[in-house]
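Peer 1:
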Amino acid sequence: PLAQAVVDLIGNQKSQYRPLYMDDMPLWDKTQTVARTIYGAEDITADKKVRKQFADFEEAGYGHYPICMAKTQYSFSTDPLLLGAPTGHDVQIREIRLATGAEFLVVICGSIMTMPGLPRVPAAEAINVTSAGRITGLF
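Numbered according to our numbering, the sequence shown spans residues 10 to 148.
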């Protein structure tokens with residue numbers, strides 16, 4: 010009943026969704042668009058090494074991938090001390106990481122630390138429960 014009411018309510022309305030950027034937009038421009046539109050930034054900045062990463066990923070055929078921005082959760086800027094939603098700041102790009110399987114690029118901003126991934130053989134694979142109900146492989 011509730012789900013049907015929602016479908017009835019929105020079913021005849023035309024979607025207003027528009028993507029923030031097109032897939033064929035250059036990676037630098039995608040990043041700049043997100044920084045300006047979502048985070049209220051004036052611009053993005055990056056050193057030569059990072060700019061080369063952008064170019065290398067484009068040249069390798071990953072330019073159509075979407076981007077995911079990794080930055081401090083405390084501010085729309087990359088400065089964790091500049092709390093809230095400031096505008097007119099520059100977003101500092103530190104590096105870009107390719108997530109090939111997921112088909113996106115992670116743009117690392119400021120001094121954010123990212124979570125480590127799993128090792129080739131996660132420790133959880135050694136954990137088991139014997140027929141007697143004893144847990145093994147924890148230590």
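In this text, a Cβ means the ideal position worked out from N, Cα and C, and glycines have one as well. All values reported here derive from a predicted model rather than from experimental measurement.
(1) Going by DSSP, name the residue or residues bridged to M78.
(2) Mapping DSSP to helix, strand and coil, what is V130?
(3) Around the C-beta of K58, are 16 or more other C-beta atoms found within 10 angstroms, so that it is buried, or is it exposed?
(4) To which residues of the same chain is W37 closer than 8 Å at the C-beta, ignoring the five residues directly before and after it?
(5) Among R45, I117, N137, whose alpha-carbon lies nearest the alpha-carbon of Y30?
(6) Drop a sphere of 10 angstroms on the beta-carbon of M78, count the other beta-carbons inside from all chains shown, and report buried for 16 or more, exposed for fewer.
(7) Rounded to the nearest angstrom, what separates Q22 and A12 at their Cα positions?
(8) Would F148 be called buried (16 or more neighbouring beta carbons within 10 Å of its own) or exposed?
(9) Are the stretch 105-125 and the stretch 67-85 touching, with three or more C-beta to C-beta distances below 8 Å?
(10) What does the Cβ neighbour count give for Q82, buried or exposed, with the cut at 16 atoms within 10 Å?
(11) If I follow the unbroken beta strand (DSSP E) through L107, where does it start and stop?
(12) Going straight from the alpha carbon of P10 to that of V138, what length do you get?
(13) Going by the CB atoms, is the gap between L18 and Y71 shorter than 8 Å?
(14) G142 by DSSP, collapsed to three states: which one?
(15) On a Cα-Cα basis, can you pick out the residue from A55, M34, S84, P28 that is closest to R103?
Peer 2: On the basis of the supplied data:
(1) As a first step, residue 78 is located in the sequence shown; it is residue number 69 there, counting from the start. Bridge partners of M78: V116.
(2) Residue mapping note: residue 130 aligns to position 121 of the sequence shown, counting from 1. In this structure, V130 counts as coil in the three-state DSSP scheme.
(3) Looking up residue 58 in the sequence shown gives position 49. When all chains shown are included, K58 counts as exposed.
(4) Position 28 of the sequence shown holds residue 37. Cβ neighbours of W37 beyond the five flanking positions: I53, R60, F63.
(5) Indexing the sequence shown from 1 puts residue 30 at position 21. Nearest option by C-alpha distance: R45.
(6) What you label residue 78 is simply residue 69 of the sequence shown in a count that begins at 1. By the 10 Å Cβ count, M78 comes out buried.
(7) As a working mapping, residue 22 is identified with position 13 in the sequence shown. As a working mapping, residue 12 is identified with position 3 in the sequence shown. Answer to the nearest angstrom: the Cα atoms are 16 Å apart.
(8) For this step, residue 148 is matched to residue 139 along the sequence shown. F148 should be labelled exposed.
(9) yes
(10) Translated into the one-based positions of the sequence shown, residue 82 becomes position 73. By the 10 Å Cβ count, Q82 comes out exposed.
(11) Taking the first residue of the sequence shown as 1, we reach residue 107 at position 98. If you look at L107, you'll find it in the beta strand (DSSP E) that goes 99-108.
(12) Counted from its first residue, the sequence shown places residue 10 at position 1. Counted from its first residue, the sequence shown places residue 138 at position 129. Near 44 Å, if we compare the C-alpha coordinates of V138 and P10.
(13) Position 62 of the sequence shown, counted from the first residue, corresponds to residue 71. Position 9 of the sequence shown, counted from the first residue, corresponds to residue 18. No, the Cβ-Cβ distance between Y71 and L18 is not below 8 Å.
(14) In the sequence shown, the residue the question calls residue 142 occupies position 133. When secondary structure is reduced to three states using DSSP, G142 falls in the coil class, being assigned neither helix nor strand.
(15) Residue 103 sits at position 94 when you count from the first residue of the sequence shown. Of the candidates A55, M34, S84, P28, the one whose C-alpha sits nearest the C-alpha of R103 is A55.
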